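Protein chains in written order, with our numbering: chain A, 18 to 339; chain B, 653 to 1162. In what follows, a single structure is set out as structure tokens and then discussed.
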């Protein structure tokens, strides 16, 4: 494999990891606060549709992004109401959100655009454009470093860089601030937070809100950056892979990034090497390559990660005991 | 007279139809230790939860240091200078001591400066009050005694002048309890006001200045501790005279009923919970197993009762019992004459959503007297049987159709004890027979155990209550870290010596 192939593979790894990473961090905030969220998928999907639709109608990708975040936040609020305020089952609420998003996006898309459940193609200012970082001209000629900078680091959309920045930001927020301390505490032992005079409900709603914003960005990225418009079921299980990455990363931001890069790489590889003969094996069916990330998810979660200890109060509604 | 640190006036609180607190008034002077004693469900914890802002009282006033104070939530309680150490600690297990102490009392949005200040503050408090705790230790790595100190530190860090402790010694070894009391004494010397909630008369007598007694949501008396006595307090708690001591004749041990040789238990995480222990229980004696909770007593009961696999040999009446094979189940054990009153009646002893008559048949439901024919059970016979047992054991209300969860703790326990004892077993395994049981029922259950012993049955008693072990047992074995630290005769030992053994320290005699 020459350097160029390698760089191109890395480049698409970054592109494909971005939505996973954002969704994974979204789940991280939610689950660290004690709220299971298997509705990441649904929130991303809703965000993808609304960002694509609004970006098309308004012609502005930024309005699209806002709409995506709004849609995702609205679903987060539903999840919050069900699981925090009314102390319902968080899994059921999450499943409901996934179904709701899967159905509604297609129905509304058909109603608005009449193109069989997709939005029209986005172009120009309705999509996030690739950003060329400064100094590409100057560094481009330097051997090795030049191509790495130009091909791999430069030339991504705004959201890719934003997602990368979210990792240290999430770490700092969780482990270096008062808010982070309380957030982690409420996911481990809400009674400790409550008796310290802090509102468990408010804290959990904030966490679920952060989760909504991040999922919104992830969904908008799918429709307005990675692809040009919304298509049916375009999240394709990314919300669940993000959850798997979250467990794999043991609910920590930096390992979460590494896990998402791994899953992103597998997806990139499955696209890059489609139809190419493998040495010694011959031609591998496309379906096999496409299934690889999912197979790996199962294998990793089944045995390779050791004991993953979830935040202790995760999934449990908080009730004051008598 | 100076102003009381706390004054409650006419506090009432109802949970649905249950009146948990009825018109309660109380005055606690600053710089004193005030005990609140009462049976389970008497309303002690509810009262303190109202004072700490966990619940809102339906009626009544709270006065702190002579000022009427509203306490709608815990934040207000903390601001009013009240700190609470709950029975079940409110600590985040994978946080450090330091992080737990500052949680909710941070100085600003960033953690670093807060933690630095807290570290200095903790050092000062540690020197002042014998409250030594490693600030960087994780809560999950330190013992319960330490965890309790963290809870106290949390309150002191928030500058509490009034400290409420809810059943603080339940989880402590006697030595740890002594240490706690020393800490409380030094806090008192510094002018802090302490409220101690407990159901242990000994602690009230040992450390409090004044004591209030609660019964069924009402405050029945407030007296100076020096002017009262344990029997008087017990009578005030229960509403009738209570025998605090168990009356029993000397044991007349007969043949070996239970012989345990080299028993080991490894849990599913691969940790050895019981390490190669051997002992025996004879007919007509009670062997008490003392120890701090979590030192292998539960696993021992489970292994003997047939729901925990083990290695080694167990002989009952000289015959080995199957420890791993198809005959290792609880039903076979029961058929061999082993009855079992499990430690946790709500989880292991009863099905809370089933009716009393069903619960009283469980484990013995396959016996012929409960069958109508080959396919159908005889419900009428089961209900009649339950009714008889309820009458014999004075279970109230004596209605077999009630759900297990609608009985009080003491009556639930009586149901379990009745089920097991009435089968006339050769060997009775009993775990924590009086945990969460009121004094009246404790007296009754103790009498039943002694009566069973006097019929020539063997009893293995596991309890974390040292008083219970001392008063019931004919022989005492102390467990620590999965091993038996030593055996003592109750007449020849003291709570202090047993306490040391429970902490894993062998004296010169052992």
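Every residue, glycine too, gets a C-beta built ideally from N, C-alpha and C. The structure presented is a predicted model; accordingly, all values stated were derived computationally and were not measured.
Three-way DSSP call (helix, strand, coil) for residue i in this model
{"i": "residue 1063 (chain B)", "result": "helix"}
{"i": "residue 863 (chain B)", "result": "strand"}
{"i": "residue 921 (chain B)", "result": "coil"}
{"i": "residue 833 (chain B)", "result": "helix"}
{"i": "residue 1157 (chain B)", "result": "coil"}
{"i": "residue 1132 (chain B)", "result": "strand"}
{"i": "residue 883 (chain B)", "result": "helix"}
{"i": "residue 844 (chain B)", "result": "coil"}
{"i": "residue 1194 (chain B)", "result": "Outside the shown range of chain B, which is 653 to 1162, sits residue 1194 (chain B), and nothing can be said about it."}
{"i": "residue 705 (chain B)", "result": "coil"}
{"i": "residue 698 (chain B)", "result": "helix"}
{"i": "residue 330 (chain A)", "result": "coil"}
{"i": "residue 1026 (chain B)", "result": "coil"}
{"i": "residue 752 (chain B)", "result": "helix"}
{"i": "residue 723 (chain B)", "result": "coil"}
{"i": "residue 339 (chain A)", "result": "For residue 339 (chain A), the predicted model reports a pLDDT of 44, less than 50, meaning its position is unreliable; a value from the coordinates is still stated below. Residue 339 (chain A) falls in the coil class under three-state DSSP."}
Neighbour list for residue i in chain A, Cβ cutoff strictly below 9 Å
{"i": "residue 761 (chain B)", "result": "194, 195, 196"}
Run of the alpha helix (DSSP H) containing residue i, from where it starts to where it stops
{"i": "residue 1011 (chain B)", "result": "1008-1013"}
{"i": "residue 992 (chain B)", "result": "Taken as a continuous stretch (DSSP letters only), residue 992 (chain B) belongs to no alpha helix (DSSP H), being part of the beta strand (DSSP E) at 990-993."}
{"i": "residue 48 (chain A)", "result": "20-49"}
{"i": "residue 1000 (chain B)", "result": "From DSSP, residue 1000 (chain B) is part of no alpha helix (DSSP H); its letter is neither H nor E."}
{"i": "residue 186 (chain A)", "result": "175-193"}
{"i": "residue 118 (chain A)", "result": "107-130"}
Straight-line Cα distance separating residue j from residue i
{"i": "residue 277 (chain A)", "j": "residue 74 (chain A)", "result": "32 Å"}
{"i": "residue 1050 (chain B)", "j": "residue 1090 (chain B)", "result": "18 Å"}
{"i": "residue 657 (chain B)", "j": "residue 678 (chain B)", "result": "11 Å"}
{"i": "residue 798 (chain B)", "j": "residue 287 (chain A)", "result": "54 Å"}
{"i": "residue 313 (chain A)", "j": "residue 243 (chain A)", "result": "23 Å"}
{"i": "residue 691 (chain B)", "j": "residue 855 (chain B)", "result": "14 Å"}
{"i": "residue 38 (chain A)", "j": "residue 757 (chain B)", "result": "33 Å"}
{"i": "residue 88 (chain A)", "j": "residue 233 (chain A)", "result": "7 Å"}
{"i": "residue 169 (chain A)", "j": "residue 162 (chain A)", "result": "10 Å"}
{"i": "residue 925 (chain B)", "j": "residue 747 (chain B)", "result": "26 Å"}
{"i": "residue 1104 (chain B)", "j": "residue 821 (chain B)", "result": "31 Å"}
{"i": "residue 989 (chain B)", "j": "residue 1045 (chain B)", "result": "21 Å"}
{"i": "residue 269 (chain A)", "j": "residue 328 (chain A)", "result": "11 Å"}
{"i": "residue 1149 (chain B)", "j": "residue 274 (chain A)", "result": "56 Å"}
{"i": "residue 333 (chain A)", "j": "residue 158 (chain A)", "result": "56 Å"}
{"i": "residue 97 (chain A)", "j": "residue 225 (chain A)", "result": "7 Å"}
{"i": "residue 1161 (chain B)", "j": "residue 1154 (chain B)", "result": "Here residue 1161 (chain B) scores only 47 on pLDDT, less than 50, and its place in the model should not be relied on; the value that follows carries that caveat. Their Cα atoms are separated by approximately 15 Å."}
{"i": "residue 217 (chain A)", "j": "residue 48 (chain A)", "result": "14 Å"}
{"i": "residue 339 (chain A)", "j": "residue 659 (chain B)", "result": "In this predicted model, residue 339 (chain A) has a pLDDT of only 44, less than 50, meaning its place in the structure is not dependable; the value taken from the coordinates is given anyway. Roughly 23 Å between the two C-alpha positions."}
{"i": "residue 1102 (chain B)", "j": "residue 934 (chain B)", "result": "14 Å"}
{"i": "residue 888 (chain B)", "j": "residue 1096 (chain B)", "result": "18 Å"}
{"i": "residue 613 (chain B)", "j": "residue 949 (chain B)", "result": "The first residue shown for chain B is 653 and the last is 1162, placing residue 613 (chain B) beyond what the model contains."}
{"i": "residue 1084 (chain B)", "j": "residue 194 (chain A)", "result": "44 Å"}
Proximal residues of chain B, C-beta to C-beta of residue i below 8 Å
{"i": "residue 60 (chain A)", "result": "The contacting residues do not exist; residue 60 (chain A) stays about 28 Å from chain B at best."}
Boundaries (first-last residue) of the beta strand (DSSP E) holding residue i
{"i": "residue 951 (chain B)", "result": "No beta strand (DSSP E) contains residue 951 (chain B), which is instead part of the alpha helix (DSSP H) from 949-957."}
{"i": "residue 96 (chain A)", "result": "Element bounds for residue 96 (chain A): not the beta strand (DSSP E) but the alpha helix (DSSP H), 78-97."}
{"i": "residue 662 (chain B)", "result": "658-667"}
{"i": "residue 1095 (chain B)", "result": "Counting along the chain, residue 1095 (chain B) falls outside any beta strand (DSSP E), though it belongs to the alpha helix (DSSP H) covering 1091-1106."}
{"i": "residue 808 (chain B)", "result": "That residue, residue 808 (chain B), is in no beta strand (DSSP E); its alpha helix (DSSP H) goes 796-809."}
Amino acids of chain B, ordered along the chain, whose beta-carbon sits closer than 7 Å to that of residue i
{"i": "residue 249 (chain A)", "result": "None at all; the shortest Cβ gap to chain B is about 42 Å."}
Where residue i meets chain A, residues with beta-carbon distance less than 7 Å
{"i": "residue 884 (chain B)", "result": "The premise fails here: residue 884 (chain B) is roughly 30 Å from chain A at the closest Cβ pair, so nothing lies under 7 Å."}
{"i": "residue 1061 (chain B)", "result": "Chain A residues near residue 1061 (chain B): none, gap ~14 Å exceeds 7 Å."}
{"i": "residue 751 (chain B)", "result": "198"}
{"i": "residue 1079 (chain B)", "result": "The contacting residues do not exist; residue 1079 (chain B) stays about 37 Å from chain A at best."}
{"i": "residue 706 (chain B)", "result": "337"}
{"i": "residue 774 (chain B)", "result": "Near residue 774 (chain B) there are no residues of chain A at all, since even the closest Cβ is about 16 Å away, more than 7 Å."}
Per-residue contacts from residue i into chain A (C-beta, under 8 Å)
{"i": "residue 1163 (chain B)", "result": "In the structure displayed, chain B extends from 653 to 1162; residue 1163 (chain B) sits before or after that span and is not available."}
{"i": "residue 703 (chain B)", "result": "Near residue 703 (chain B) there are no residues of chain A at all, since even the closest Cβ is about 13 Å away, more than 8 Å."}
{"i": "residue 1122 (chain B)", "result": "Per Cβ cutoff of 8 Å: no residues; residue 1122 (chain B) is ~32 Å from chain A at best."}
Check: Closer than 9 Å, Cβ to any Cβ of chain A: which residues of the region 720-748 of chain B, in chain order?
Finding: Hits within the stretch, in order: 725, 726, 727, 728, 729, 730, 731, 736, 738, 740, 741, 742, 743, 744, 745, 746, 747.
Check: Using a beta-carbon distance cut-off of less than 7 Å, what residues from the region 212-235 of chain A approach chain B?
Finding: Against chain B - using a Cβ distance shorter than 7 Å - the residues of the region 212-235 of chain A are 212, 213, 214, 215.
Next item on the list: With 8 Å as the limit, tell me which residues of the region 197-211 of chain A have their beta carbon closer than that to any beta carbon of chain B; keep them in chain order.
Entry: Contacts with chain B (Cβ-Cβ distance below 8 Å) from the region 197-211 of chain A involve 197, 198, 199, 201, 202, 205, 206, 208, 209, 210, 211, listed in chain order.
Next item on the list: Could you run through the region 262-293 of chain A and flag, in chain order, every residue whose CB is less than 9 Å away from some CB of chain B?
Entry: Cβ contacts with chain B: none found.
Check: What residues in the region 991-1003 of chain B have a beta carbon less than 7 Å from any beta carbon of chain A?
Finding: Residues of the region 991-1003 of chain B with a C-beta atom less than 7 Å from some C-beta of chain A do not occur.
Check: Of the residues that make up the region 783-798 of chain B, which ones have a beta carbon closer than 9 Å to any beta carbon in chain A?
Finding: Listed by position along the chain: nothing, the set is empty.
Item checked: Residues within the region 945-973 of chain B neighbouring chain A, beta-carbon criterion of under 9 Å -> Look at the region 945-973 of chain B: it has no residue with a C-beta under 9 Å from a C-beta of chain A.
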